[in-house]
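As C-alpha cells, the structure follows; a few thoughts come after it.
Protein chains in written order, with the working numbering: chain S, 3 to 265; chain A, 68 to 403.
Now the structure itself:
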C-alpha cells in the first residue's frame, strides 16, 4: 500500500515539474481566471435575479462567482484522465507493476490540486474586490468536494474509456459539458426555466454539486442540505464504479484488439 | 527446483481483426477479416540466453513482445516468464521483465531531465527509495549518459533517447529483457553502441534477452540463438552458423589457375564431383583463368586438387563461398 501511495506522489511530482515549465500557459490560466471572475462579478454586482435571492439567500455576484469558479473546476476535471492517456505513456505504465487505480489517481491528482488553486483565485477576487461574503462550512465543503471530485472522476473515466476506443471524439464529455451549462445551476438557477427543463436538472449530479457547494460556502449547515447531499452521494456511488468499469472494459478491449497505441 | 527456461511459450496465438484494403469501399463499410499475427507459436528460451528473433515487417515480432509483457492478451495458448503465467500472474511477470519498445522514448516527459524521468519510472517499478539515486546513476553510467543526466530530455539526440529507454528498461534490474528493435531508426554509431552494450554488458550480467530485429547480421553478432518468424510462425530456430548451413545445398568454390587448356577444362567439367563450372575471372590477372566450381559436398575438394596436380595445372588462388545469414533469411522466409 505504501508503495502505491509513493507512486502517486511521484506521478504528481512529475506532473508538477512538467507543468511548471509551461510558464506562458500558467500565466494565461491565471489571467483567464482573473478576467473571468472580474467580468462575471461586475455583471453580478450590477444586476439582480430575484429567484437567486429567494432560493439561496445570496446576491447575484456571490452566486455567479461560486458558479464560475467551480464550473472551471468541473471542466478541468472532466478532461483530466483523458489527458493522461497519451498512448505511449500509457503502454509504458501498463507494463510496470503499477495498479490501474494508482495510475488513474496518480496521473489526475495534480490536475485537481491546480484546479483547486484556480478556484481560490476566483473566490479571492470575489471576496477582496467585490466584497462578496463567504462563511465556509469546512466539513460540509470538504464532503461536497469529495463527492463532486468522485463524480467528475467517474465522468472523466467514462469519457477517457470511450476515447481509448474511438481515438477521437468523446460524446460523454460533450454531453456533460452541455448539461452542466444548461441544467447544472452554474450561471442561473434551474427554477427560471420551464418545468420540463427544471425536471431534467434534478437528474444531473452537477445540479446537486453546484447547489450544495454554494450553500456550504455561504454559511448553511449540513443538515439543511441533507437531501441534496444524499442525492449527490448516491449519484457518486453509482458513477464512480460505473466509470471505473467502463474505463477498465475499454482499456481491456483496446489491449485485446491491439489498438492501445493507435491514435 | 529452479526452472531452466526463462521464457516458455506454448501454442500462443493472437488474431487481429483488420479491415480489408478495398479502395472501392468507404473505410466505414470495409469488411473485417481475421489475421493471425501469431500462429500457434511454441518457443523456449533458456535462462541467460541471448535470443534473437528475426522476421520481416509484419511477421509478428512486436505482437509477441507485447503479449509477453502482458500488454496484449493472447487468444489461445499461454506463456510463462520466469515461471509466471502471462495471463494469471501478470504482476509477477511485470516484476520479472524490462521491456524496451521501438518507440519507447515517446513515453518520457520531454520537459523533464533524463534523471527526473528515470526517478519517476524507478518509483513505479518499485526500486527502493534509499537505492533510487544510486541505481539511476548506475544505469545512466552503463548506457553512457551519466554526463547528461540533468539535461532536459527534449535536448537529447535520437541515440541518447534510445539509450535512456534502455536505461529505463534496466532500472529495476530484471532478470529478463524484452528488447523490441532497439536499434531501429538509429545512426550507425548509436546502433553499434547499443549492440556492444547488449553483447558485452548485458551478457556479463547473465540476463536472458529476447532481441527482435530485422537486421540479420546484428542478431548474429549479439545472439546465441536465432529464431526466424514468418506470418506468426517460427520457421527456423538455431545458432547463426546452423541457420546459414540450412540453405547450403551446394558448395561453391572459386579457383584461379594459370594456363589451362580447353581440353583440361572439359575434363574438370566431366568429373563426378562437379555439378557445374562457370567462368569467373574476377580475381584473375594476365594469363590466369578463374572458375566457380559447384560441388555436391565440400568433401570433394581433394579430388579437384588431385586432378589439378595430375594435370600439372598451377593453382593460384582458392576460396570457398559461405552463404550469408541474409541469404539464409531470404531463402527460409521464401520457403515458408
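Just so you know, even glycine gets a beta-carbon here, dropped at the ideal spot from N, CA and C. Only a predicted model underlies this, so the values are computations on that prediction, with no experimental measurement involved.
Cβ-heavy atom distance, residue 283 of chain A to the ligand MG, below 7 Å
With respect to small molecules bound, the structure shown includes none, and the ligand MG cannot be examined in it.
Residue 322 of chain A at chain S interface by Cβ criterion, 8 Å:
Against the second chain, residue 322 of chain A aligns to sequence position 255. Cβ-Cβ to chain S under 8 Å: no for residue 322 of chain A.
Looking only at C-alpha atoms, which of A/355, A/326, A/290, A/295 sits nearest to residue 125 of chain A?
Indexing the second chain from 1 puts residue 125 of chain A at position 58. Out of A/355, A/326, A/290, A/295, A/295 has the C-alpha closest to the C-alpha of residue 125 of chain A.
What does a CB cutoff of less than 7 Å around residue 235 of chain A pick up in its chain, not counting 5 residues either side in sequence?
Looking up residue 235 of chain A in the second chain gives position 168. Excluding positions up to five away in sequence, the list reads 185, 188.
Per-residue DSSP class, three states only, for residue 192 of chain S:
Along the first chain, one-based indexing puts residue 192 of chain S at 190. Three-state result, residue 192 of chain S: helix.
Distance cutoff 8 Å, beta carbons only. Does residue 79 of chain A sit that close to anything in chain S?
In the second chain, the residue the question calls residue 79 of chain A occupies position 12. By this cut-off, residue 79 of chain A is not an interface position.
Might you give, ordered along the chain, the residues of its own chain that have their beta carbon closer than 6 Å to the beta carbon of residue 64 of chain S, omitting 5 neighbours on each side?
Here residue 64 of chain S refers to the residue found at position 62 of the first chain. The answer, listed in chain order, is 134.
Starting from residue 252 of chain S, follow the beta strand (DSSP E) in both directions and report where the run begins and ends.
Working through the first chain from its first residue, we reach residue 252 of chain S at position 250. Residue 252 of chain S -> not in any beta strand (DSSP E); alpha helix (DSSP H) instead, spanning 228-259.
8 Å is my cut-off, CB to CB: does residue 241 of chain A come that close to chain S?
The residue given as residue 241 of chain A occupies position 174 in the second chain. Chain S contact via Cβ: absent.
Expected contact under 8 Å - CB spacing of residue 146 of chain A and residue 76 of chain A to nearest Å
On the second chain, residue 146 of chain A is found 79 positions in, with the first residue counted as 1. On the second chain, residue 76 of chain A is found 9 positions in, with the first residue counted as 1. That pair is a contact at about 4 Å.
Would you mind listing the alpha helix (DSSP H) stretches within the stretch 102-160 of chain S that are 4+ residues and don't spill past its ends, in chain order?
102-130
Using the DSSP secondary-structure output, state which residues sit across from residue 245 of chain A in a beta bridge.
Here residue 245 of chain A is taken as the residue at index 178 of the second chain, counted from 1. According to DSSP, residue 245 of chain A bridges with A/166, A/277.
Keeping to the same chain, check which residues put their C-beta closer than 7 Å to that of residue 227 of chain A; ignore five residues upstream and five downstream.
Here the question's residue 227 of chain A lines up with position 160 in the second chain. Counting only Cβ-Cβ distances below 7 Å, and skipping sequence neighbours, we find 212, 215.
Restricting to Cα atoms, I'd like to know which of S/68, S/111, S/97, S/22 is closest to residue 287 of chain S.
The structure shown has nothing for residue 287 of chain S, since chain S only spans 3 to 265.
Contacting positions in the stretch 186-206 of chain A - beta carbon closer than 9 Å to chain S
186, 187, 188, 189, 190, 191, 192, 193, 196
Grouping DSSP H, G and I as helix and E and B as strand, with all else coil, what is residue 345 of chain A?
Looking up residue 345 of chain A in the second chain gives position 278. Three-state result, residue 345 of chain A: strand.
For residue 240 of chain S, is the classification buried or exposed, using 16 other Cβ atoms within 10 angstroms of its Cβ as the cut-off for buried?
In the first chain, the residue the question calls residue 240 of chain S occupies position 238. Classification for residue 240 of chain S: exposed.
Would you verify that the beta carbon of residue 174 of chain A is, or is not, closer than 8 Å to some beta carbon of chain S?
By one-based count along the second chain, residue 174 of chain A stands at place 107. Yes, residue 174 of chain A counts as interfacial toward chain S.
Could you list the residues in the stretch 92-117 of chain S with a C-beta less than 9 Å from some C-beta on chain A, going in chain order?
92, 93, 94, 95, 96, 97, 98, 99, 100, 101, 104, 105, 108
Under 8 Å, Cβ to Cβ, is there at least one residue of chain A near residue 259 of chain S?
Stepping through the first chain from its first residue, residue 259 of chain S is reached at position 257. Residue 259 of chain S counts as touching chain A.
Taking DSSP's pairing of strands, which residues face residue 121 of chain A in a bridge?
One-based indexing of the second chain puts residue 121 of chain A at position 54. Residue 121 of chain A is bridged to A/280, A/295.
Short CB-CB distance (under 8 Å) between residue 9 of chain S and chain B:
No chain B appears in this structure, whose protein chains are S and A.
Straight-line Cα distance separating residue 139 of chain A from residue 103 of chain A:
Counting from 1 along the second chain, the entry for residue 103 of chain A is found at position 36. Counting from 1 along the second chain, the entry for residue 139 of chain A is found at position 72. Cα-Cα distance, rounded: 14 Å.
So for residue 68 of chain A, helix, strand or coil by DSSP?
What you label residue 68 of chain A is simply residue 1 of the second chain in a count that begins at 1. Confidence is the limiting factor: at residue 68 of chain A the pLDDT is only 43, short of 50, which leaves the residue's position unreliable and the question unanswerable from this model.
Would you report the Cα separation of residue 222 of chain S and residue 212 of chain S, rounded to the nearest angstrom?
The count along the first chain starts at 1 and reaches residue 222 of chain S at position 220. The count along the first chain starts at 1 and reaches residue 212 of chain S at position 210. About 14 Å.
In whole angstroms, what separates the C-alpha of residue 79 of chain A from that of residue 322 of chain A?
The residue you call residue 79 of chain A lines up with position 12 of the second chain. The residue you call residue 322 of chain A lines up with position 255 of the second chain. Cα to Cα, residue 79 of chain A sits roughly 49 Å from residue 322 of chain A.
Report the option in A/134, A/160, A/150 whose CA atom is closest to the CA atom of residue 168 of chain A.
For this step, residue 168 of chain A is matched to residue 101 along the second chain. Selected option, being the one with the closest Cα: A/134.
Residues bridged to residue 367 of chain A by DSSP?
Residue mapping note: residue 367 of chain A aligns to position 300 of the second chain, counting from 1. In the DSSP output, where bridge partners are listed per residue, residue 367 of chain A has none listed.
Which residues, in chain order, does the stretch 161-175 of chain S contribute to contact with chain A at a C-beta distance below 9 Å?
none
Mind checking residue 197 of chain S: buried by the 16 CB within 10 Å criterion, or exposed?
Against the first chain, residue 197 of chain S aligns to sequence position 195. Exposed, since its Cβ has fewer than 16 Cβ neighbours within 10 Å.
Classify residue 68 of chain A: buried if its beta carbon has 16 or more other beta carbons within 10 angstroms, exposed otherwise.
Against the second chain, residue 68 of chain A aligns to sequence position 1. Residue placement at residue 68 of chain A is flagged as unreliable, the pLDDT there being 43, under the threshold of 50; a coordinate-derived value is accordingly withheld.
Cα separation between residue 309 of chain A and residue 289 of chain A?
For the purposes of this step, residue 309 of chain A is taken as the residue at position 242 of the second chain. For the purposes of this step, residue 289 of chain A is taken as the residue at position 222 of the second chain. Each residue's Cα considered, the two are about 15 Å apart.
Residues near residue 383 of chain A by beta carbon distance below 7 Å, same chain, minus five either side
Residue numbering aside, residue 383 of chain A sits at position 316 when the second chain is read from its first letter. Only 323, 324, 325, 355 meet the Cβ criterion.
Please check the pair residue 282 of chain A and residue 306 of chain A, which I expect to be a contact at CB under 8 Å, by giving their CB distance rounded to whole angstroms.
Within the second chain, numbered from 1, the residue matching residue 282 of chain A stands at position 215. Within the second chain, numbered from 1, the residue matching residue 306 of chain A stands at position 239. Contact flag wrong, Cβ pair sits at about 18 Å.
CB contact below 8 Å: residue 145 of chain A versus chain S
As a first step, residue 145 of chain A is located in the second chain; it is residue number 78 there, counting from the start. Not an interface residue.
Does the beta-carbon of residue 273 of chain A have 16 or more other beta-carbons within 10 angstroms, so that it is buried, or is it exposed?
Here residue 273 of chain A refers to the residue found at position 206 when the second chain is read from its first residue. Flag for residue 273 of chain A reads exposed.
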